[in-house]
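Engineer: This is the structure, below, for whatever I ask next.
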Amino acid sequence: MSHSFHVHSHQQHLKWSSTISPIHTVPSGSIVSFDLRDGGNNQITPQSASSPSSALSSFDLTQADPAMGPVYVSGAEPGDVLKVEFLELTPADYGWTAILPGFGLLSDEFPEPQLKLWDLSNLSASSSSPRKATFKKGIEVPIKPFLGVVGVAPPPTMGPLSTIPPYPMVGGNMDCRTATKVGCTLYLPVNVPGALFSCGDGHAAQGDGEVCGTAIETPVKATVRLTVEKAHVRATKGYRLNCPHYTTPEPSREEVESEVQERAKGEYAALGIHENIREASRMAVRGVIDWLVAERGLTREEAYMLTSVCAGLTMAEVVDMPNYAISCSIPLSIFTDSN
Numbered sequence: 001m002s003h004s005f006h007v008h009s010h011q012q013h014l015k016w017s018s019t020i021s022p023i024h025t026v027p028s029g030s031i032v033s034f035d036l037r038d039g040g041n042n043q044i045t046p047q048s049a050s051s052p053s054s055a056l057s058s059f060d061l062t063q064a065d066p067a068m069g070p071v072y073v074s075g076a077e078p079g080d081v082l083k084v085e086f087l088e089l090t091p092a093d094y095g096w097t098a099i100l101p102g103f104g105l106l107s108d109e110f111p112e113p114q115l116k117l118w119d120l121s122n123l124s125a126s127s128s129s130p131r132k133a134t135f136k137k138g139i140e141v142p143i144k145p146f147l148g149v150v151g152v153a154p155p156p157t158m159g160p161l162s163t164i165p166p167y168p169m170v171g172g173n174m175d176c177r178t179a180t181k182v183g184c185t186l187y188l189p190v191n192v193p194g195a196l197f198s199c200g201d202g203h204a205a206q207g208d209g210e211v212c213g214t215a216i217e218t219p220v221k222a223t224v225r226l227t228v229e230k231a232h233v234r235a236t237k238g239y240r241l242n243c244p245h246y247t248t249p250e251p252s253r254e255e256v257e258s259e260v261q262e263r264a265k266g267e268y269a270a271l272g273i274h275e276n277i278r279e280a281s282r283m284a285v286r287g288v289i290d291w292l293v294a295e296r297g298l299t300r301e302e303a304y305m306l307t308s309v310c311a312g313l314t315m316a317e318v319v320d321m322p323n324y325a326i327s328c329s330i331p332l333s334i335f336t337d338s339n
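First residue of the sequence shown? That's 1 in UniProt numbering, and the numbers climb one at a time after it.
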């Protein structure tokens with residue numbers, strides 16, 4: 001795909017701020033390519049497999065979730081909307097998932113570090129069959145690339161902000177697997193002239209919630225189109241953006257067939273119920289982990305990471321106070337054995 005502007009992996013920042021100088025100034029409608037570092041800032045590599053404990057003990061969380069950019073989009077003014085179309089996402093030939101002490105939904109229950117390296121070298125983007133990576137013998141995880149970090153600079157009165165949390169007026173580290181895959185269009189509120197767009201945190205696959213704190217983290221080559229939508233376009237319809245919005249593409253025939261096959265095999269789910277949404281989520285995730293250990297023979301650490309990589313986490317019920325109901329489900333299609 002042809003493009004005129006490229007952002008290199010060293011052109012990064014760890015704060016959202018209106019004071020960061022742009023890498024490029026591009027016209028509205030421009031296609032921009034990026035070499036993106038992974039969410040760990042490339043601190044984990046295939047060579048980490050030789051000494052995983054050393055790689056994790058030296059892991060610096062303050063360097064996590066770097067954003068590559070920013071890009072100044074001409075014509076973007078506060079009140080406008082930046083339309084981001086995701087055209088190409090190509091993962092590297094490796095990925096990793098880790099349990100990092102003190103990080104994750106169940107961090108108090110998993111104090112020991114754990115690292116899983118994934119081989120993504122045999123994945124062909126042109127293949128019509130679903131791409132999968134091996135978690136361990138008998139478990140194959142579908143590869144569905146997307147970007148975890150996509151955002152714009154905050155208003156000058158709000159910066160600088162860490163790139164680790166998401167923010168309503170920025171976007172940022174949203175980790176929303178349905179918003180930033182190829183074919184999706186993301187709409188972000190513009191807070192400063194030029195919008196100052198950046199992205200990063202490539203994922204080869206992730207479950208809802210990214211519950212252990214990591215997905216299949218991987219460097220990604222990304223290509224996006226950046227277009228300014230002027231404020232009056234939505235104002236004439238009576239609303240404006242105060243948080244990210246997005247649309248998803250119509251699935252291809254191959255995607256529909258693959259989803260039908262996956263759904264035909266069903267899923268196993270646990271329903272967490274608690275007056276606190278976070279605790280309900282913890283209960284649901286814990287239930288799936290217990291099942292994976294008891295019925296599928298995984299260690300608790302393996303089960304936690306697998307849930308982070310491919311589980312669905314859904315707010316099943318939020319109106320009957322005082323309790324919330326959160327569902328955590330694991331697709332049975334990932335299991336290739338007969339158990």
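Glycine is no exception: its CB is placed at the ideal position from the N, C-alpha and C atoms.
Given the structure is predicted, the values throughout are model-derived calculations rather than measurements.
Tell whether a beta-carbon distance below 8 Å holds between Q12 and A67.
Structural biologist: For the purposes of this step, residue 12 is taken as the residue at position 12 of the sequence shown. For the purposes of this step, residue 67 is taken as the residue at position 67 of the sequence shown. Closer than 8 Å, so yes.
Engineer: For M68, which three-state DSSP category applies?
Structural biologist: Here residue 68 refers to the residue found at position 68 when the sequence shown is read from its first residue. In this structure, M68 counts as strand in the three-state DSSP scheme.
Engineer: By the three-class DSSP mapping on this structure, what secondary structure does C199 have?
Structural biologist: Translated into positions along the sequence shown, residue 199 becomes position 199. Residue state, collapsed to three classes: strand.
Engineer: Which value, in whole angstroms, describes the spacing of the CA atoms of A231 and W16?
Structural biologist: Position 231 of the sequence shown holds residue 231. Position 16 of the sequence shown holds residue 16. Distance between the alpha carbons of A231 and W16 is about 22 Å.
Engineer: Whole angstroms are fine: how far does the CA of A133 sit from the CA of P91?
Structural biologist: Along the sequence shown, read from residue 1 onward, the residue named residue 91 stands at position 91. Along the sequence shown, read from residue 1 onward, the residue named residue 133 stands at position 133. Between P91 and A133, the C-alpha separation is close to 12 Å.
Engineer: Here's the rule I'm using: 16 or more other beta-carbon atoms within 10 Å means buried, otherwise exposed. How should Q47 be labelled?
Structural biologist: Taking the sequence shown and counting its residues from 1, the one referred to as residue 47 is at position 47. Answer is exposed; the Cβ neighbour count stays below 16.
Engineer: Under 7 Å Cβ to Cβ from S126, same chain only, skipping five residues before and after it: list those, please.
Structural biologist: By one-based count along the sequence shown, residue 126 stands at place 126. Caution is warranted here: a pLDDT of 47 is assigned to S126, below 50, making its placement in the model unreliable, and no coordinate value can be reported.
Engineer: State the DSSP-derived secondary structure class of R296, mapped to helix, strand or coil.
Structural biologist: Along the sequence shown, read from residue 1 onward, the residue named residue 296 stands at position 296. R296: helix per DSSP, three-state reduction.
Engineer: Near residue 340, what residues of its chain come up, given a Cβ to Cβ distance below 8 Å and the 5 sequence neighbours on each side ignored?
Structural biologist: This structure cannot speak to residue 340, because the chain is shown only from 1 to 339.
Engineer: Sort K136, A280 and A316 by Cα distance to D337 and report the nearest one.
Structural biologist: Position 337 of the sequence shown, counted from the start, is the residue given in the question as residue 337. The residue with the shortest Cα to Cα distance from D337 is K136.
Engineer: Could you give the distance in angstroms between the alpha-carbon of G159 and the alpha-carbon of K181?
Structural biologist: Stepping through the sequence shown from its first residue, residue 159 is reached at position 159. Stepping through the sequence shown from its first residue, residue 181 is reached at position 181. Approximately 28 Å between the Cα atoms of the pair.
Engineer: In the DSSP output, which residue or residues are listed as bridge partners for G312?
Structural biologist: For the purposes of this step, residue 312 is taken as residue 312 along the sequence shown, with counting starting at 1. For G312, which the question treats as bridged, DSSP gives the partners S329.
Engineer: In three-state terms, what does DSSP make of R131?
Structural biologist: For the purposes of this step, residue 131 is taken as the residue at position 131 of the sequence shown. Three-state result, R131: coil.
Engineer: Kindly indicate the opening and closing residues of the beta strand (DSSP E) around S9.
Structural biologist: The residue you call residue 9 lines up with position 9 of the sequence shown. Run containing S9: none; DSSP gives neither H nor E here.
Engineer: Measure the alpha-carbon distance for A280 versus F103 and round it to whole angstroms.
Structural biologist: The sequence position of residue 280 within the sequence shown is 280, counting from 1. The sequence position of residue 103 within the sequence shown is 103, counting from 1. Their backbone Cα atoms lie some 18 Å apart in a straight line.
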